[in-house]
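Trainee:
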Amino acid sequence: FGRVYKKTCPNGKLSIYLGKRDFVDHVEHVEPVDGIVLIDPEYLKDRKVYVTLTCAFRYGRDDLDVIGLTFRKDLYVLTTQLYPPVPDQAPKTLTPLQDKLMKKLGENAYPFTFEMATNLPCSVTLQPGADDVGKSCGVDFEVKGFCAENLEEKIHKRNSVRLVIRKVQFAPISTGPAPKSETTRQFMMSDKPLHLEASLDKEIYYHGDPIGVNVNINNTTNKIVKKIKVSVEQITDVVLYSLDKYTKVVCSEEFTENVAANSTFSKSYSVTPRLSDNREKRGLALDGKLKHEDTNLASTTVLRPGMDKEVLGILVSYKVKVNLMKSLLQFPLFPWWLEKKASLCIHFQSPLPKHVLNPSGDSESSVLKKFYFC
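Throughout, our numbering is defined as the position within the sequence shown, counted from one, plus 58.
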């Protein structure tokens with residue numbers, strides 16, 4: 059069945075209907091946010107009904123706001139007046155969902171459509187710690203409907219309704235070549251080097267997919283490599299307010315091997331980063347979370363050429379790191395990672411859903427059969 063999400067304000071006089079809560083960023087354009095607001099005209103009297111779309115960045119703690127330190131910044135706000143209708147603010151055309159909902163809900167249903175800018179960040183949240191209270195840090199999107207005499211009037215919770223949505227990116231259908239790199243290191247007391255070549259089996263991975271790491275070693279030294287450590291790190295750059303940078307190991311495995319002196323070695327390894335193994339790591343970046351729904355590790359931030367990074371608030375990237383450990387002392391001979399060149403970074407994305415590949419929509423009978431009350 060198709061889904062329609064509904065949320066009503068506490069006094070029951072205002073309701074928002076959305077056909078979905080995930081809106082896809084295709085890099086060059088973003089899916090419009092379209093919905094319906096159902097109002098009670100007798101309750102409004104001389105007041106107006108507004109709907110806003112807000113993208114906000116939150117970084118800090120609720121208790122710090124009390125002393126005047128505001129850690130929330132609205133990155134993007136769109137506002138439209140629904141009632142009384144303003145001709146130049148009404149949608150020029152109705153989407154199939156809006157048309158069906160208006161027929162079902164009657165004359166007090168009013169449509170709205172927001173065209174989102176392409177330079178906005180995607181929804182991301184930083185995993186809170188055990189002692190953290192209040193809203194999580196990160197970037198979130200919200201559709202809010204409310205009634206007031208004007209936009210400057212204080213908004214009351216009893217006659218306003220908020221619905222959190224997500225701006226998401228999915229993996230492209232076509233991908234580039236698999237990342238590959240090599241490095242060489244010379245050691246004291248050895249006149250010949252140790253050479254490492256490593257590659258991934260593809261460029262983009264879906265969340266939960268195993269990562270195939272191919273390792274080739276040409277050991278012309280007199281050292282013996284006893285262990286190979288493969289790890290995946292998440293790098294989170296907070297580029298608004300603080301320029302903080304966090305590196306979290308989301309997956310790490312050690313493999314016992316024996317690469318003798320003056321020998322070669324080739325083997326493929328598989329590691330799988332999972333959120334379920336990282337629930338206790340405070341500050342880990344996750345994809346934006348909706349109420350009562352689980353999420354996953356944050357997707358890699360995709361940047362268009364010329365984008366202002368500061369507007370994005372939080373940038374997320376990943377790297378694969380390989381360490382070779384020699385016998386006895388067990389310290390890293392040298393690290394190797396897949397981000398020496400920009401083209402070698404590893405990307406985590408979600409697969410493209412069927413409704414994006416085939417956006418024809420459901421029939422009228424099925425679209426309105428299932429309402430989800432938020």
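We put the CB at the ideal spot given by N, CA and C, even for glycine.
(1) In or out: phenylalanine 313 buried (at least 16 other Cβ within 10 Å) or exposed?
(2) From the DSSP output, read off the bridge partner residues of aspartate 302.
(3) Whole angstroms are fine: how far does the CA of leucine 155 sit from the CA of serine 418?
(4) Roughly how many whole angstroms lie between the Cα atoms of threonine 279 and alanine 256?
(5) Spatial neighbours of phenylalanine 115 within its chain, please: CB distance less than 6 angstroms, with the 5 preceding and 5 following residues excluded, ordered by chain position.
(6) Hey, quick one: how far does the alpha helix (DSSP H) through leucine 159 stretch, first residue to last?
(7) With C-beta atoms as the reference, is serine 334 less than 8 angstroms away from threonine 358?
(8) DSSP on serine 334, reduced to helix/strand/coil?
(9) Which residues bound the beta strand (DSSP E) around proline 230?
(10) Any idea what DSSP makes of arginine 216, helix, strand or coil?
(11) Just to confirm, does serine 357 get its C-beta within under 7 angstroms of one of the non-hydrogen atoms of the ligand ZN?
(12) DSSP three-state call for glutamate 100: helix, strand or coil?
(13) Three-state secondary structure (DSSP) at leucine 370?
(14) Should the region 265-277 be called in touch with the region 325-339, which here means at least 3 C-beta pairs below 8 angstroms?
(15) Quick one: measure Cβ to Cβ for valine 226 and aspartate 80, integer angstroms, because I've assumed they're closer than 8 angstroms.
(16) Would you kindly check if the distance between the Cβ of glutamine 244 and the Cβ of leucine 342 is under 8 angstroms?
(17) Alpha carbon to alpha carbon, what distance is there between proline 169 and isoleucine 74?
(18) When the distance is taken between beta carbons, is phenylalanine 204 closer than 8 angstroms to tyrosine 108?
(19) Among Cys67, His84, Thr66 and Val62, which one has its Cα closest to the Cα of lysine 78?
(20) What three-state label does DSSP hand aspartate 146 in the structure shown?
(21) Of all the options Leu76, Pro68 and Gly164, which has the alpha carbon lying nearest to the alpha carbon of histidine 214?
(22) Using a 10 Å radius around the Cβ and a threshold of 16 neighbouring Cβ atoms, would you call glutamine 147 buried or exposed?
(23) Please identify the residue among Gly364, Asp157 and Glu210 whose C-alpha is closest to the C-alpha of threonine 137.
(24) Does DSSP classify arginine 243 as helix, strand or coil?
(25) If we call anything under 8 angstroms between Cβ atoms a contact, is lysine 106 one with glutamate 207?
(26) In terms of alpha-carbon separation, which member of Val135, Lys162, Asn166 and Thr153 lies closest to leucine 72?
(27) Using a Cβ-Cβ cut-off of 7 angstroms (strictly less than) and excluding sequence neighbours within five positions of lysine 250, which residues of its own chain qualify?
(28) If I measure Cβ to Cβ from asparagine 177 and keep anything under 7 angstroms in the same chain, skipping five residues before and after, which residues do I get?
(29) Keeping to the same chain, check which residues put their C-beta closer than 6 angstroms to that of threonine 294; ignore five residues upstream and five downstream.
(30) Closest to phenylalanine 253 by CA distance: which of Pro90, Tyr263, Thr241 and Gly266 is it?
(31) For histidine 253, which of helix, strand or coil comes out of DSSP?
(32) In the DSSP assignment, find the unbroken beta strand (DSSP E) run with histidine 464 in it and report its ends.
(33) Can you tell me whether leucine 111 is buried or exposed? The criterion is at least 16 other CB atoms within 10 Å of its CB, across all chains shown.
(34) To the nearest angstrom, how far is the alpha carbon of glycine 70 from that of tyrosine 101?
Mentor: To lay it out plainly:
(1) exposed
(2) Val296
(3) Model confidence at serine 418 stands at a pLDDT of 49, short of 50, so the residue's coordinates are unreliable; what they give is reported in the following sentence. One C-alpha to the other measures close to 11 angstroms.
(4) 19 angstroms
(5) Lys131, Leu133, Val197, Leu298 and Gly371
(6) 154-163
(7) no
(8) helix
(9) Premise fails: proline 230 is in no beta strand (DSSP E) and is neither H nor E.
(10) helix
(11) The ligand ZN is not part of this structure, which contains no ligands at all.
(12) Taken through DSSP and simplified to helix, strand or coil, glutamate 100 comes out as helix.
(13) helix
(14) The answer is yes - the region 325-339 touches the region 265-277, with three or more Cβ pairs under 8 angstroms.
(15) Contact flag correct, Cβ pair sits at about 5 angstroms.
(16) no
(17) 10 angstroms
(18) yes
(19) Val62
(20) Under the three-state reduction of DSSP, aspartate 146 is assigned to helix.
(21) Pro68
(22) exposed
(23) Selected option, being the one with the closest Cα: Glu210.
(24) Arginine 243: strand per DSSP, three-state reduction.
(25) In contact: lysine 106 and glutamate 207 (Cβ atoms closer than 8 angstroms).
(26) Asn166
(27) Thr278 and Thr279
(28) Met365, Asp366 and Val369
(29) Tyr304, Ala343 and Val374
(30) Sequence inspection shows histidine at residue 253; the phenylalanine mentioned does not correspond to that position. Measuring from the Cα of histidine 253, the nearest candidate turns out to be Thr241.
(31) strand
(32) Only positions 59 to 432 of the chain appear in the structure, and residue 464 is not among them; the question remains open.
(33) With at least 16 other beta carbons inside 10 angstroms of its own, leucine 111 counts as buried.
(34) 10 angstroms
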